[in-house]
Amino acid sequence: MGSTDTRRGGAEPPMPQSTLLDHFRSIPWCVPHLSDPAFRQVNMSRTLMQPGNGHSLMAETWNTDKTITHLLSLYRPPIHNGDTTDTHRGTGIGMDSQTRGEVRRFYTFGTGMNAHPNTLHGGVVATVLDSTMGNVIGHQMPDRLATFTVALNVTYKKPVGTPGTIMARSWITRAEGRKIWVHGVIEDGQGNVHAEAEGMWLRAKPKL
Numbered sequence: 017m018g019s020t021d022t023r024r025g026g027a028e029p030p031m032p033q034s035t036l037l038d039h040f041r042s043i044p045w046c047v048p049h050l051s052d053p054a055f056r057q058v059n060m061s062r063t064l065m066q067p068g069n070g071h072s073l074m075a076e077t078w079n080t081d082k083t084i085t086h087l088l089s090l091y092r093p094p095i096h097n098g099d100t101t102d103t104h105r106g107t108g109i110g111m112d113s114q115t116r117g118e119v120r121r122f123y124t125f126g127t128g129m130n131a132h133p134n135t136l137h138g139g140v141v142a143t144v145l146d147s148t149m150g151n152v153i154g155h156q157m158p159d160r161l162a163t164f165t166v167a168l169n170v171t172y173k174k175p176v177g178t179p180g181t182i183m184a185r186s187w188i189t190r191a192e193g194r195k196i197w198v199h200g201v202i203e204d205g206q207g208n209v210h211a212e213a214e215g216m217w218l219r220a221k222p223k224l
């Protein structure tokens, strides 16, 4: 008896990495980022987690030819040295843009999440920031404890046009106890900032 495809909402099967890279390499402004040796490709948010259908938003619902058609994630670990570690912010958390830990995610959007014509819905922009900002915590602080968004303050600067491609970046600015503060931005190919956010995440309490 054949298997049954249970993906919902027209979700696409996992895209081969070569196809994903070819897509973003065909966009000239993405190429320098993909070629940066400090960043490595990582798997984020497109894999459905069980039990409980974790990441179903990005892995299924928003994984169609009208929503987020392509999603690629890169991560640069923080460069630890005496100049970039701030003991008041947390180990390995510095403000130098060249040495801090950072996530860069490239999103290509279809036209299925618009608000105004040819304009991405602001709620989607906020969700993209939330997802990207949470991911940097998972890579820079991989202690296996879940983190939850407590506060997210988004400033909208320019509309995000669709269809099209953007880059979302995020980095940790401070960590204190179970609290983690993160900054995120959404940029276009010319480096224009379309939205930015400040957020705070809370780590789950460890089980005794």
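In case it helps, my numbering puts the sequence shown at residues 17 to 224.
For glycine and all other residues, C-beta sits at the position ideal for the given N, C-alpha and C.
For clarity, every value in this text was computed on a predicted model and none was experimentally measured.
CA nearest to the CA of residue i, picked from the options
i      : options                           : result
Ala131 : Pro175, Val198 and His155         : Pro175
Thr181 : Ala191, Leu136 and Ser72          : Leu136
Arg116 : His96, Phe122 and Asn134          : His96
Arg190 : Leu73, Ala211 and His199          : His199
Trp187 : Thr178, Ile202, Leu36 and Gly177  : Ile202
Gly154 : Phe40, Val119, Thr143 and Met183  : Val119
Arg92  : Glu76, Ser51 and Lys223           : Ser51
Leu88  : Thr143, Tyr172, Gly138 and Phe122 : Phe122
Gln206 : Asp38, Leu37, Thr35 and Pro48     : Pro48
Ser72  : Met157, Thr35, Pro179 and Ser147  : Ser147
Arg194 : Pro222, Val152 and Asn169         : Pro222
Helix, strand or coil at residue i [DSSP, three-state]
i      : result
Met74  : helix
Thr83  : coil
Gln114 : coil
Ser89  : strand
His199 : strand
Gly68  : coil
Asp102 : Per-residue confidence for Asp102 stands at a pLDDT of 43, beneath the threshold of 50, marking its modelled position as unreliable; the derived number appears in the next sentence. DSSP places Asp102 in coil when its eight states are reduced to three.
Ala220 : coil
Range of the contiguous beta strand (DSSP E) that encloses residue i
i      : result
Gln206 : That residue, Gln206, is in no beta strand (DSSP E); it is neither H nor E in DSSP.
Host alpha helix (DSSP H) of residue i (start-end)
i     : result
Arg62 : Taken as a continuous stretch (DSSP letters only), Arg62 belongs to no alpha helix (DSSP H), as it is neither H nor E.
Asp52 : Taken as a continuous stretch (DSSP letters only), Asp52 belongs to no alpha helix (DSSP H), as it is neither H nor E.
His39 : Gln33 to Arg41
Jot down the residue ranges of each uninterrupted alpha helix (DSSP H) in the region 116 to 195, minimum 4 residues, whole runs only, in chain order.
-> 138 to 156
Should the region 79 to 86 be called in touch with the region 119 to 129, which here means at least 3 C-beta pairs below 8 Å?
-> yes
Pair every Cβ in the region 51 to 58 with every Cβ in the region 207 to 223, then say whether three or more of these pairs are closer than 8 Å.
-> These segments do not touch.
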